[in-house]
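Below is one structure, written out as structure tokens, with a few remarks after it.
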Amino acid sequence: MSLLKRCSRTLVTFCSLLLLSVALHAAEQPVAQATVASAHPAATVAGLETLAGGGNAFDAAVAVAAALAVVEPYGSGLGGGGLFLLRQAGNPPQYRFIDARERAPLAASARMYQRNGVVQPDLSLNGPLAAGIPGLPAALAEISSRFGRKPLADNLVPAIRLASDGVSVDRIYIDRAAGRLDVMRKDRETARIFLQQGNLPEEWDLLRQPELANTLEHLARYGRSGFYEGETADKLVEGVRAAGGIWGLEDLRSYRVVERQPLRYPLGAGRELVSAPPPSAGGVALAQSLGILAQLPWQKAEPTQRVHYVAEALRRAYHDRSMLGDPDRIANPVQQLLSPDYLKRLAAGIDPRRATPSATLPPAPTWREGDHTTHFVVIDEQGNAVAATLSVNLPFGAAFTPPGTGVLLNDEMDDFAADIQGANAYGLTGSAANAIAPGKRPLSSMSPSFIESADELAAFGTPGGSRIPSMVLLAMLEYLDGKSVQNWVSAPRYHTQYLPDVLEHEPRAFTPAQQADLTARGYTLKDVGRAYGNQQVLLWHKKARSVDAASDPRGIGLAAGTSVHY
């Protein structure tokens, strides 16, 4: 049995460390190297195993996404969705964007979470009524059939093995489950699978998911119809409706992923941003922020002044988010939001010494998103690449699992505006462009992105809900400053999103002197009390034919490579 297969089966720590050591050594050599960076070692190994077995980056992406659905039930899963940014090698390369965002059930309505005119937050957060129609299984089938070299069944082998044989519970799992423990206990099937007799599992306990393995096997055998029709679909709908949800079989039968044109924005110096279009607002926010900063001397500024410029750019980019929504339902003014004249006006409104009170900007609604998602990046030796962000919204999604499926459902319906006149459970007002409607996709901040030039390809992405664009922006600025990939993922993080009008930051992100300076400029600082995000990045040096990759030190992920010759 190969080293990769032994690591995938046993998931022992020393194997993961060995792979990382080999990858770092190999990355120093001027040779092409297929590379995977994901938030969990087992998922990275699944991708490397697929590459070593003759798959390309798209096959590896399917293997990684499916493995994450097993080992990271708190961040992604077959019951959720995601956004996939694809690069097809060529001269010039081709970019594709696969929208596998969840859809509202056909029986959904704008006031479905209101009772007597008042929004009931629990209904859009917990239980089957909170779940949108999943998109990830359709994406796995679509990407395999259209872009992969190997059949879907081969690409799902590692995930099926992990679900059947089991995976060790880790500290991240326990931390995420602790925050949702009360809700998870309320659903018998969720508690049975993901808890130990109603309590948190211990670290290194084995999580086995035979029902999920069976669902994956149906998907492997029958493709898309193995999830959205037949036995699995019947069980999903029966379980949802028995618990008070509104899914119907037609919701599943009619679900399709959508290929959209990626957002592309020139950055100067021969570089181009390629990112997520609506229904993600993340790509627009990144392009706007970079476009505003291009008018400002951010690279020459001392550290606190640089924070000020970045925060003011983010404030204005997040302000415009309310204009965006599902592109199948509304006309998104992306061209206007990214026009040079508009971005110059936004930059001109920034006082170089003072924070702009958000209340002085034109009124605009804001939002909330669950911040426990997952992200991975893959590149093969031909230059095909994938950056993908997947989610079930809050940790462990809706904490509801239809019996017999092993599929933990998302609570992405909470990403819609449940009350466009008032505020949601987090005190944030809604947007008419993102109101609930049957079959509609909710707005997202997920931002899988590339920056490409003739010499380099950089890939970015992270979980983190509404903080995703700010985290990706900070990583991109490290890249544009010429810093190493490890700097991209380890640099201290801060965030502002127009409303609430605060500058959030990780502990120790700012020195006491910087905090005093920022306060004097008019910022209200908020230490969030913990590190956040889990970025996965890579940098392909085209002339050297080498790849550097990094996994966020805040998580337990693994960035590793393998030499594969086709």
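Read in order, the letters of the sequence shown are residues -26 to -1, 1 to 540 in mature numbering (1 follows the signal peptide of the UniProt record, and there is no 0).
Every residue, glycine too, gets a C-beta built ideally from N, C-alpha and C.
- Message: Can you list, in chain order, the residues of its chain with a C-beta nearer than 7 Å to that of Ser427? Leave out the 5 residues immediately preceding and following it.
- Response: Gly244, Arg245
- Message: Here's the rule I'm using: 16 or more other beta-carbon atoms within 10 Å means buried, otherwise exposed. How should Lys274 be labelled?
- Response: exposed
- Message: With a threshold of 8 Å, are at least 3 pairs of Cβ atoms found where one atom belongs to the segment 368 to 375 and the other to the segment 162 to 181?
- Response: yes
- Using 8 Å as the Cβ pair cut-off and three pairs as the minimum, do the segment 99 to 109 and the segment 377 to 393 touch? yes
- Task: Please classify Phe350: does DSSP put it in a helix, a strand, or coil?
- Result: strand
- Contained alpha helix (DSSP H) runs [length at least 4] in the segment 17 to 50, N- to C-terminal order: 31 to 45
- Item | Secondary structure of Asn408, DSSP reduced to three states | helix
- Exposure label - Asp522; buried when at least 16 CB within 10 Å: buried
- Message: Three or more C-beta pairs under 8 Å: does that hold for the segment 255 to 273 against the segment 315 to 325?
- Response: yes
- Query: With a Cβ-Cβ cutoff of 8 Å, do Leu114 and Ala39 count as a contact?
  - Reply: yes
- Message: Between the segment 428 to 446 and the segment 469 to 478, can you find at least three pairs of beta-carbon atoms closer than 8 Å?
- Response: yes
- Query: Would you report the Cα separation of Ala43 and Glu276, rounded to the nearest angstrom?
  - Reply: 43 Å
- What's the gap between the Cα of Tyr497 and the Cα of His293? 17 Å
- Query: Shortest alpha-carbon distance to Leu80 belongs to which of Arg159, Arg195, Asp156, Gly219?
  - Reply: Gly219
- May I have the straight-line CA-CA distance separating Gln171 from Leu193, to the nearest angstrom? 30 Å
- State the Cα-Cα distance for the pair Leu311 and Asn90, rounded to the nearest angstrom. 38 Å
- Own chain, CB closer than 7 Å to Gly28, minus 5 neighbours either side, in chain order: Arg123, Lys124
- Query: Hey, how far is the Cα of Leu298 from the Cα of Gln68?
  - Reply: 25 Å
- Exposure label - Thr493; buried when at least 16 CB within 10 Å: exposed
- Item | Through-space distance from Ala534 to Ser520, alpha-carbon basis | 13 Å
- Contacting residues, own chain, Cβ-Cβ under 6 Å from Leu(-8) (five flanking each side not counted): Low confidence applies here, because Leu(-8) scores a pLDDT of 38, under 50, leaving its location unreliable; read the following figure in that light. Only Ala534 meet the Cβ criterion.
- Item | Proximity of Gly371 and Gly153 at Cβ, strictly below 8 Å | no
- Query: Which of helix, strand or coil does DSSP assign to Pro271?
  - Reply: coil
- Considering Lys500, what are the terminal residues of the beta strand (DSSP E) in which it resides? 499 to 501
- For the putative contact between Ile425 and Met450, defined by C-beta atoms under 8 Å, what is the C-beta separation to the nearest angstrom? 6 Å
- Message: Considering just the uninterrupted stretch of the alpha helix (DSSP H) at Ser138, what are its terminal residues?
- Response: 131 to 139
- Rounded to whole angstroms, what's the CA-CA distance from Glu23 to Gly380? Just pull it up for me. 25 Å
- Item | Nearest-angstrom Cβ-Cβ length linking Ala359 and Ala433, presumed shorter than 8 Å | 6 Å
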